[in-house]
Amino acid sequence: MKPSTWITATRVMVRVLGLVWLCIAANPSLAQPSAPAPTFVSIAFHDVVDARNELDDNSLSTDRLLSFFDWLRGNGWTAVSLDDIARARRGEKALPAKAVLLTFDDGYRSLYTRVYPLALAYGYPVVAALVTEWMDAPAGSMVRYDDESMPRERFITWDQAREMQRSGLVEFALHTQSLHDEVVGNPQGNTMPSAVTRRFTPGAGYQSEAEFAAGLRADFAGGRATLQRELGKAPRALVWPYGRYSAIGISVAQEFGFEFTLSLDGGPAKVREHLNIARFLPSYNTPLPDLVRNLRPDPNDWSVDRLACLDPASLWTGVADSSNERLGRAIERVRVLGVSGLVVDAVRRDTQGRITGAWFPTRELPLAGDWLSRVSWQMRTRASVKVYVRLPHRDALAALGDEARVQRLYEDLGAMVPIDGWLFEDAVAPARPMRFDDPPPLYAHRAGLPVRWSAWVLRERRESMRETLLRADNADALGWRAFATLDAARPALELLWLMPAGAPAAPHPLADITLVPTALGAPAASDRLASVDPAVVPWFTGAMPPDARLLARSAVDFQRHGGVSLGWCPDDPVADQPAAAIAAPAVSGSLFPKRR
């Protein structure tokens, strides 16, 4: 079922946000880098417990939090409040050089019994995010927390909240009224974060954008009214459940006068970007050294990537049971291979390579099957891989014949499918290397390894190219508009760049990963590519899936020359080509230690 036409206001919002990325100009040296924005670090804590057997994936032990507060005090860090950030944004008073915003989500009882006493002892301000539906539940009842039920007594009371607020150290933010849960997001019944998901209802189909935005408005209005009633003041900060947000959500938050919104994006938070305060999420009782390390995010941090293609057509039979059975086997195979990311086709093609339909609901193409959302969500949650969608802008233009229709196609893709990034292909090679005035890395090169700028630094690079990227005379402008549209719908997307033929094997300065098409067993390929940069990934390609033994030998040779990441395309999960049992010992990313 096709989603209804997008409302004009939100479309404008998407386009405005998208201007950051639009088109790379032929003359990038004209770009004027902006001055570095003042930054601080924000941390998203949750529950704090005394007993080890009470720890879960997002909680921290009391002694660990105490040690962290002690470390902050002893090493010159200043815990700042939202007032401090607001003053810095207005230019009234700069933040300290070592500034940290301490936040605690969900309103656990430990906020009052453990965190509040420590905040009083250290004089540290705290931002606490409340789900008002949980707060309003009567004593002795159960509240629905994600996919489980919890006693109301696990959370603070309004009286405790008022006491903490009177101290002047605890400011309460809205964690939504009732969006800290999941809704059904596709016909197969996958549940996804409700603040960013169009609800699917059997018989009625998907919510329209207008219905989705109306749901956000109703929730924000109810939550703000509750906090106003109970605490005597409306919240100025909105904390996104699960850290997930979109251009639509930001727009609605602004309608309600929220001055700050907080996410779980990586990297430091910027004073100027008050509508997206990035936060580090500690997990599994994060050790003190790791808590400390995340106070100074390393722009040179990088990981081992193992990438493979996936064509949803290979798993789709048109029958739910058999399609899901194939998908299940594909997930297990991905786990065996140690793949970290999948490049998944968003459209169906005929034997001539022409686009004939989409694997997601869209206004612009016939529906080959409402299948991409299911594949993406299952791979992300069950196989723990990133999903990079493949939808070439030039092929889309050839199929649709009009740039406005192409733009709507990407709007629908971003709205309907949870993804981690987009593959930019069929691009024109830059006439000359781009010039960027990057700040010096926070950490020196280690063991002679080249620098791999992290995702948050690359996002800053793309933002700094704002004026140049607006140039309309570049052949790839439509591609950059496509990425802008997807990134507005699914913020903090990664950009994969497929190196065009004839271009030098060098990392694209705006891409998280640069794929270099490489023939298996190509002479000197391992030595040539391994010496370039860890962000340059050999993309072993051919007309057929690679032979498992040849792929394994090529991977071993590449790593022997100092290479790190690699990928291959095509891949056939149904026929198990390349054979996972043979290739996995050499290609599995889980067997290759992460290097820092």
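In the working numbering, the protein residues as written are 9 to 604. Just so it is clear, CB atoms sit at the ideal spot from N, CA and C, and this is done for glycine as well. The structure displayed is predicted, hence computed values, not measured ones.
Range of the contiguous beta strand (DSSP E) that encloses Val151: Met150 to Tyr153
Which listed residue (Ala321, Val123 and Thr294) has its alpha carbon closest to that of Pro133: Val123
Among Ala137, Gln215, Ala221 and Gly213, nearest to His188 - alpha-carbon criterion: Ala137
Residue span of the beta strand (DSSP E) that contains Trp576, given as start and end: Leu574 to Cys577
Of the residues Tyr120, Pro159 and Val204, the one placed nearest Val178, counting alpha carbons only: Tyr120
Ala52 versus Tyr292: straight-line alpha-carbon distance, rounded: 13 Å
DSSP-derived helix/strand/coil call for Ala181: strand
Distance between Asn198 and Arg382 (C-alpha atoms, nearest Å): 7 Å
Simplified DSSP state of Arg252, which is helix, strand or coil: coil
Among Asp227, Asp584, Ala556 and Gly597, nearest to Gln567 - alpha-carbon criterion: Gly597
Extent of the continuous alpha helix (DSSP H) run through Leu235: Glu217 to Leu239
Status (buried if at least 16 other CB within 10 Å, exposed otherwise) for Ala527: exposed
Beta-carbon proximity check, Pro290 vs Phe48, cutoff 8 Å: no
Segment limits, beta strand (DSSP E) that includes Leu350: Gly349 to Asp353
Per-residue burial, Met150 [other beta carbons within 10 Å of its own, 16 or more giving buried]: exposed
Status (buried if at least 16 other CB within 10 Å, exposed otherwise) for Met552: exposed
Assigned secondary structure, Asp189 (DSSP; H/G/I helix, E/B strand, else coil): coil
The stretch 95-111 contacting the stretch 151-163, beta-carbon criterion three pairs below 8 Å: no
Residues near Asp520 in its chain [Cβ-Cβ closer than 6 Å; skip 5 each side]: Ala463, Leu466, Glu502 and Leu503
Nearest neighbour of Trp142, chosen from Asp403, Thr165 and Asp329 [CA to CA]: Thr165
Buried versus exposed, by CB contacts within 10 Å (16 or more), Arg72: buried
Exposure label - Ala87; buried when at least 16 CB within 10 Å: buried
Sequence ranges, alpha helix (DSSP H) only - wholly within the stretch 275-302, length at least 4: 296-301
Collapsed DSSP secondary structure at Pro554 in the structure displayed: coil
Close-in-space but distant-in-sequence residues of the same chain around Asp495 (CB under 6 Å, 5 per side omitted): Leu501
Bounding residues of the alpha helix (DSSP H) (the contiguous stretch that carries Val540): Segment: none, Val540 is in no alpha helix (DSSP H) and carries neither H nor E.
Through-space distance from Val572 to Leu38, alpha-carbon basis: Because the pLDDT at Leu38 is just 30, under 50, the model does not fix this residue reliably, and the point stays unresolved.
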